[in-house]
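Novice: Residue numbers (this note's numbering): 22 to 251.
Cβ coordinates follow ideal geometry from the N, Cα and C atoms, glycine included.
Sharing a structure here in structure tokens format.
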């Protein structure tokens, strides 16, 4: 019950200020058609219900399952198995990420079908999967996060020189789209589960940094895709 109350007030604090501001603008400066305004109110209500149910699902199911999978994989002490399932889980959760689906459909529309949505989603998902595996390897071998980020962003700058200019903003948007409400909680929980078994409880902070690395993967994969299409 306490979790329900906290989640409710969290959603209320996110949606209510925006709703109040738009309502004030409606009756002062903007004066939208009343039908559009009531559609906004209905949309805000439905969005609040949806976000509440989603956050509740993350707390009850998504995060605990991610931690359990991460700790179970670590207990096998098989590097190949950890990296393989890190890739598969990163790939799967990216395919289900709403932001990636929206981005791919918009790129498909703007490009007139020259960059199919399925190809773009697949490239982004592969990039995330590869870098989730790399992030888990970082936890296992205690590799410096700063060094990996430096190498990753250096690679991005180099690839951007050989990719058509139109693909550079797409790649950066792809990196942002993967940090959505579906991927972030699960990947963070996965890293926390892995680090809690491989290291002492005092080092469970090693599980963080996965999102920073995971967001590099789609940027690189889309830049490579642009080089191919270019």
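Should residue 51 be labelled buried (16 or more other beta-carbon atoms within 10 Å of its own) or exposed?
Specialist: Exposure of residue 51 is indicated by the presence of fewer than 16 other C-beta atoms within 10 angstroms of its C-beta.
Novice: Which residues bound the alpha helix (DSSP H) around residue 164?
Specialist: Looking at the DSSP string, residue 164 is not in any alpha helix (DSSP H), and its letter there is neither H nor E.
Novice: Whose C-alpha, out of 85, 240, 103 and 57, is nearest the C-alpha of residue 173?
Specialist: 240
Novice: Less than 6 Å between C-beta atoms, sequence neighbours within five positions excluded: which residues of the same chain meet that for residue 41?
Specialist: none
Novice: Please report how far the alpha carbon of residue 250 lies from the alpha carbon of residue 125, in whole angstroms.
Specialist: 16 Å
Novice: Rounding to the nearest angstrom, what Cα-Cα distance links residue 213 and residue 58 in this structure?
Specialist: 43 Å
Novice: Given a cut-off of 8 Å, decide if residue 231 and residue 153 are closer than it, judged by their beta-carbon atoms.
Specialist: In this structure, residue 153 sits near residue 231, with a CB-CB distance shorter than 8 Å.
Novice: Report the rounded CA-to-CA distance for residue 148 versus residue 93, giving the unit in angstroms.
Specialist: Taken atom to atom, the span from the alpha-carbon of residue 148 to that of residue 93 is near 24 Å.
Novice: When the distance is taken between beta carbons, is residue 115 closer than 8 Å to residue 121?
Specialist: yes
Novice: Between the Cα of residue 218 and the Cα atoms of 175, 97, 111 and 45, which residue gives the shortest distance?
Specialist: 97
Novice: Can you give me the C-alpha to C-alpha distance between residue 176 and residue 145, rounded to a whole angstrom?
Specialist: The alpha-carbon atoms of residue 176 and residue 145 are separated by roughly 16 Å.
Novice: With 16 as the cutoff for other CB atoms within 10 Å, does residue 203 come out buried or exposed?
Specialist: The residue in question, residue 203, is buried, as its Cβ has 16 or more Cβ neighbours within 10 Å.
Novice: Using a threshold of 8 Å, state whether the C-beta atoms of residue 196 and residue 236 are closer than that.
Specialist: A contact, by the Cβ cut-off of 8 Å.
Novice: Taking only three categories from DSSP, how would you classify residue 50?
Specialist: coil
Novice: With a CB to CB cut of under 7 Å and the five nearest residues on each side skipped, what residues in its chain are close to residue 242?
Specialist: 144, 145, 147 and 148
Novice: Return the Cβ separation of residue 205 and residue 91 in integer angstroms, given the expectation that the two are a contact with Cβ distance under 8 Å.
Specialist: Residue 205 to residue 91, Cβ: 15 Å. No contact.
Novice: Give the DSSP-derived three-state secondary structure of residue 132 in the structure shown.
Specialist: Correct three-state label for residue 132: coil.
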